[in-house]
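Residue numbers for the sequence shown follow numbering that gives the first Met the number 0, beginning at 0 and rising by one. Input: a single structure, listed below in structure tokens.
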Amino acid sequence: MSNSIWLAIGLVLIVEGLGPLIAPNGWRNMVAELSLQPDTHLRRIGGCLVVAGAVIAYCFA
Numbered sequence: 000m001s002n003s004i005w006l007a008i009g010l011v012l013i014v015e016g017l018g019p020l021i022a023p024n025g026w027r028n029m030v031a032e033l034s035l036q037p038d039t040h041l042r043r044i045g046g047c048l049v050v051a052g053a054v055i056a057y058c059f060a
């Protein structure tokens, strides 16, 4: 794999790890709240995150 792919994976892991590292209780409550949401709501959130990530990747590539 390309070095930039590994860099991207590393950055994602850093960002994903900040929530439980800095505020574990808040992170746990957020995950519990997300688990109660209907599937359509979660799909919308996921779609927005994918679009935002694609726009950021396009802008910086």
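No residue lacks a Cβ here, since even glycine has one placed at the ideal position from N, Cα and C.
Measuring CB to CB, does residue i end up less than 7 Å from residue j?
{"i": "Trp26", "j": "Pro37", "result": "no"}
Could you check the C-alpha separation between residue i and residue j for me, to the nearest Å?
{"i": "Ile44", "j": "Gly52", "result": "12 Å"}
{"i": "Ile13", "j": "Ala7", "result": "10 Å"}
{"i": "Val49", "j": "Trp5", "result": "19 Å"}
{"i": "Asn2", "j": "Leu33", "result": "33 Å"}
{"i": "Asn28", "j": "Gly46", "result": "22 Å"}
{"i": "Glu15", "j": "Leu41", "result": "17 Å"}
Residue range of the alpha helix (DSSP H) that residue i falls in?
{"i": "Leu20", "result": "Asn2 to Ile21"}
{"i": "Ala60", "result": "Careful: Ala60 lies outside any alpha helix (DSSP H) and carries neither H nor E."}
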